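Undergrad:
4 protein chains.
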Amino acid sequence: MHVILDLCIVPLGVGVSVSAYVAECHRIIQTTGLKTQLHAYGTNIEGDWDAVMAAVKQCHERVHAMGAPRITTTIKLGTRTDRSQSMADKVQSVHDQLT
Amino acid sequence: MHVILDLCIVPLGVGVSVSAYVAECHRIIQTTGLKTQLHAYGTNIEGDWDAVMAAVKQCHERVHAMGAPRITTTIKLGTRTDRSQSMADKVQSVHDQLT
Amino acid sequence: MHVILDLCIVPLGVGVSVSAYVAECHRIIQTTGLKTQLHAYGTNIEGDWDAVMAAVKQCHERVHAMGAPRITTTIKLGTRTDRSQSMADKVQSVHDQLT
Amino acid sequence: MHVILDLCIVPLGVGVSVSAYVAECHRIIQTTGLKTQLHAYGTNIEGDWDAVMAAVKQCHERVHAMGAPRITTTIKLGTRTDRSQSMADKVQSVHDQLT
Numbered sequence: 007m008h009v010i011l012d013l014c015i016v017p018l019g020v021g022v023s024v025s026a027y028v029a030e031c032h033r034i035i036q037t038t039g040l041k042t043q044l045h046a047y048g049t050n051i052e053g054d055w056d057a058v059m060a061a062v063k064q065c066h067e068r069v070h071a072m073g074a075p076r077i078t079t080t081i082k083l084g085t086r087t088d089r090s091q092s093m094a095d096k097v098q099s100v101h102d103q104l105t
Numbered sequence: 007m008h009v010i011l012d013l014c015i016v017p018l019g020v021g022v023s024v025s026a027y028v029a030e031c032h033r034i035i036q037t038t039g040l041k042t043q044l045h046a047y048g049t050n051i052e053g054d055w056d057a058v059m060a061a062v063k064q065c066h067e068r069v070h071a072m073g074a075p076r077i078t079t080t081i082k083l084g085t086r087t088d089r090s091q092s093m094a095d096k097v098q099s100v101h102d103q104l105t
Numbered sequence: 007m008h009v010i011l012d013l014c015i016v017p018l019g020v021g022v023s024v025s026a027y028v029a030e031c032h033r034i035i036q037t038t039g040l041k042t043q044l045h046a047y048g049t050n051i052e053g054d055w056d057a058v059m060a061a062v063k064q065c066h067e068r069v070h071a072m073g074a075p076r077i078t079t080t081i082k083l084g085t086r087t088d089r090s091q092s093m094a095d096k097v098q099s100v101h102d103q104l105t
Numbered sequence: 007m008h009v010i011l012d013l014c015i016v017p018l019g020v021g022v023s024v025s026a027y028v029a030e031c032h033r034i035i036q037t038t039g040l041k042t043q044l045h046a047y048g049t050n051i052e053g054d055w056d057a058v059m060a061a062v063k064q065c066h067e068r069v070h071a072m073g074a075p076r077i078t079t080t081i082k083l084g085t086r087t088d089r090s091q092s093m094a095d096k097v098q099s100v101h102d103q104l105t
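Protein chains in written order, with our numbering: chain P, 7 to 105; chain S, 7 to 105; chain F, 7 to 105; chain L, 7 to 105.
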């Protein structure tokens, strides 16, 4: 099952600056070889369900290991069986409507 | 890793009524034996990360099998290493502040 | 426009315990007279769009005033024009499917 | 109060293709003059709280007017009082950590 997922990991108990944690998660996701794209309120990831979810779990484990005692994460994720669609396809289909 | 997760599965392409799909997911989660609580905008689930995530995946697979060609899901999930906390604890700690 | 909204306000930079902030937001929402229901990963609110959104804004302002320098909030919200539906109706329609 | 918001509007009861609705919302937001950035799982918007929230409401009203009887929307939004931060700043601060 292919999934497109928007991941926003928020470490608590480590002050207001969270960019070091977000960057570390970005490194983890890039290491997996999954397609990924950073945006201003999260990171989009695309790939096989199990591989993407394993990456999300690895991010949680790593952020705790970096010292965050608590994490709250928001995820949006989409699957479809009618056709295959990539992250780039999704953005393109909106742009097609805009022209 | 223990997790508390808020799951909101939205099937697309099946009309405006989604309660049959939500109910089926609720049945799946109850079958797993995980602690769960339905609310007006989702279902809270508590347990071991892998077991909870397996339940989420099973819900997606089942909702597709029921005929939904597309699903978009929103998840909030929390983990902590400083102490154990259940869904009931979370609600109780707010109620304690309210009295 | 009637809305059912799930609100999860997360203050950053104030340590790991956030129940005092959640409780204060619950008090604010109850003061508005809007229907509300606390659950383990947020607070559901129901009412007119403008009144509900004013309550959300008031919560952000109050949590900052309590000392949180940064807030990240996750909201799910639903509107429909085909029929009126309350938070209780939503839960009931799932329970009807379960029996 | 300045806000950075991630908006994901999902119309129900209109089939599986939602790009026409997303594109229309993108047009509405661009008309407001607010800074905005489309990504693969939503649209980021930045500006004054009231202006951003007015745009979100206008999107809901327009998507209903286009024929969607039901909408479910997921929003992430951040405010901070310690310093000003733009969408570009957020992405940059992560990139700075990655180099």
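Each residue gets a CB set at the ideal place from its N, CA and C atoms; glycine is no exception. Computed from a predicted model, the values in this text were never measured in an experiment.
Using 8 Å as the limit for Cβ to Cβ distance, is residue 35/S near chain P?
TA: In the second sequence, counting from the first residue as 1, residue 35/S sits at position 29. No, its Cβ sits nowhere closer than 8 Å to a Cβ of chain P.
Undergrad: Using the Cα positions of residue 97/F and residue 7/F, report the straight-line distance between them to the nearest angstrom.
TA: As a working mapping, residue 97/F is identified with position 91 in the third sequence. As a working mapping, residue 7/F is identified with position 1 in the third sequence. If I take the Cα positions, the gap works out to 21 Å.
Undergrad: Nearest-angstrom Cα distance between residue 49/P and residue 65/S?
TA: The sequence position of residue 49/P within the first sequence is 43, counting from 1. The sequence position of residue 65/S within the second sequence is 59, counting from 1. So the alpha carbons of these two residues sit roughly 24 Å apart.
Undergrad: Tell me the rounded alpha-carbon separation between residue 60/S and residue 60/P.
TA: Mapped onto the second sequence, residue 60/S falls at position 54. Mapped onto the first sequence, residue 60/P falls at position 54. One C-alpha to the other measures close to 11 Å.
Undergrad: Residue 68/P by DSSP, collapsed to three states: which one?
TA: Here residue 68/P refers to the residue found at position 62 when the first sequence is read from its first residue. Note: residue 68/P maps to helix in three-state DSSP.
Undergrad: Could you please give the first and the last residue of the uninterrupted alpha helix (DSSP H) stretch that includes residue 33/L?
TA: Reading the fourth sequence from its first residue, position 27 is the one you call residue 33/L. 25 to 38 is the extent of the alpha helix (DSSP H) around residue 33/L.
Undergrad: Pull the bridge partners of residue 44/L from the DSSP assignment, please.
TA: The residue you call residue 44/L lines up with position 38 of the fourth sequence. Residue 44/L pairs with 49/L.
Undergrad: Looking at the C-beta of residue 11/S, does it have a partner C-beta in chain L at a distance below 8 Å?
TA: Residue numbering aside, residue 11/S sits at position 5 when the second sequence is read from its first letter. So, not an interface residue.
Undergrad: Looking only at its own chain, which residues have a Cβ that is under 7 Å from the Cβ of residue 44/S, when we skip the five neighbours before and after it?
TA: Here residue 44/S is taken as the residue at index 38 of the second sequence, counted from 1. Around residue 44/S: 32.
Undergrad: Name the chain S residues whose beta carbon is nearer than 8 Å to that of residue 22/F?
TA: Taking the first residue of the third sequence as 1, we reach residue 22/F at position 16. Residues of chain S passing the Cβ test: 86 and 88.
Undergrad: Would a check of beta-carbon distances place residue 62/S closer than 8 Å to chain F?
TA: By 1-based counting over the second sequence, the position of residue 62/S is 56. It does not: the Cβ of residue 62/S has no partner Cβ on chain F nearer than 8 Å.
Undergrad: Provide the residue(s) that pair with residue 12/S in DSSP beta bridges, ordered along the chain.
TA: For the purposes of this step, residue 12/S is identified with residue 6 of the second sequence, where counting begins at 1. DSSP lists 50/S and 82/S as partners of residue 12/S.
Undergrad: So is residue 53/F buried or exposed if we call it buried at 16+ other beta carbons inside 10 Å?
TA: The residue you call residue 53/F lines up with position 47 of the third sequence. Residue 53/F comes out buried.
Undergrad: Using a Cβ-Cβ cut-off of 8 Å, state whether residue 49/L counts as contacting chain S.
TA: Your numbering for residue 49/L matches position 43 in the fourth sequence. Closer than 8 Å: no.
Undergrad: So does the segment 73 to 93 of chain S actually touch the segment 32 to 42 of chain F, counting three or more Cβ pairs closer than 8 Å?
TA: Because the criterion of three Cβ pairs below 8 Å is not met, the segment 73 to 93 of chain S and the segment 32 to 42 of chain F do not touch.
Undergrad: Using a Cβ-Cβ cut-off of 7 Å (strictly less than) and excluding sequence neighbours within five positions of residue 35/S, which residues of its own chain qualify?
TA: Your numbering for residue 35/S matches position 29 in the second sequence. Counting only Cβ-Cβ distances below 7 Å, and skipping sequence neighbours, we find 42, 49, 51 and 61.
Undergrad: For residue 63/L and residue 17/S, what's the separation of their Cα atoms in angstroms?
TA: As a position in the fourth sequence, residue 63/L is number 57, starting the count at 1. As a position in the second sequence, residue 17/S is number 11, starting the count at 1. Going by the C-alpha atoms only, they are around 23 Å apart.
Undergrad: Going by alpha carbons, who is nearest to residue 92/S out of 9/F, 47/F and 104/F?
TA: Numbered from 1 along the second sequence, position 86 holds the residue referred to as residue 92/S. Closest option to residue 92/S, Cα to Cα, is 47/F.
Undergrad: Using a beta-carbon distance below 8 Å, is residue 32/P in contact with chain L?
TA: Locating residue 32/P in the first sequence gives position 26, where the first residue counts as 1. Answer yes: the Cβ-Cβ gap between residue 32/P and chain L drops below 8 Å somewhere.
Undergrad: Restricting to Cα atoms, I'd like to know which of 28/F, 87/F and 10/F is closest to residue 71/L.
TA: Within the fourth sequence, numbered from 1, the residue matching residue 71/L stands at position 65. For residue 71/L, the nearest C-alpha among the options comes from 87/F.
Undergrad: Listing by chain order, which chain P residues have their CB less than 8 Å from the CB of residue 18/F?
TA: Here residue 18/F refers to the residue found at position 12 of the third sequence. Near residue 18/F (Cβ distances below 8 Å), the residues of chain P are 16, 18, 21, 22 and 24.
Undergrad: Are the CB atoms of residue 25/P and residue 9/L nearer to each other than 8 Å?
TA: For the purposes of this step, residue 25/P is identified with residue 19 of the first sequence, where counting begins at 1. For the purposes of this step, residue 9/L is identified with residue 3 of the fourth sequence, where counting begins at 1. For residue 25/P and residue 9/L, no; Cβs fall outside 8 Å.
Undergrad: Give the straight-line distance between the Cα atoms of residue 22/P and residue 28/P, rounded to the nearest whole angstrom.
TA: Indexing the first sequence from 1 puts residue 22/P at position 16. Indexing the first sequence from 1 puts residue 28/P at position 22. So the alpha carbons of these two residues sit roughly 13 Å apart.
Undergrad: Considering only DSSP beta bridges, list what residue 76/P is partnered with.
TA: Numbered from its first residue, the first sequence carries residue 76/P at position 70. Note: residue 76/P sits in a beta bridge opposite 18/P and 86/S.
Undergrad: Should residue 73/F be labelled buried (16 or more other beta-carbon atoms within 10 Å of its own) or exposed?
TA: As a working note, residue 73/F is residue 67 in the third sequence. Residue 73/F is exposed by the Cβ-count criterion.
Undergrad: In chain F, what lies closer than 8 Å to residue 104/S by C-beta?
TA: The residue labelled residue 104/S in the question sits at position 98 within the second sequence. Under the 8 Å cutoff, chain F gives 29, 32 and 33.
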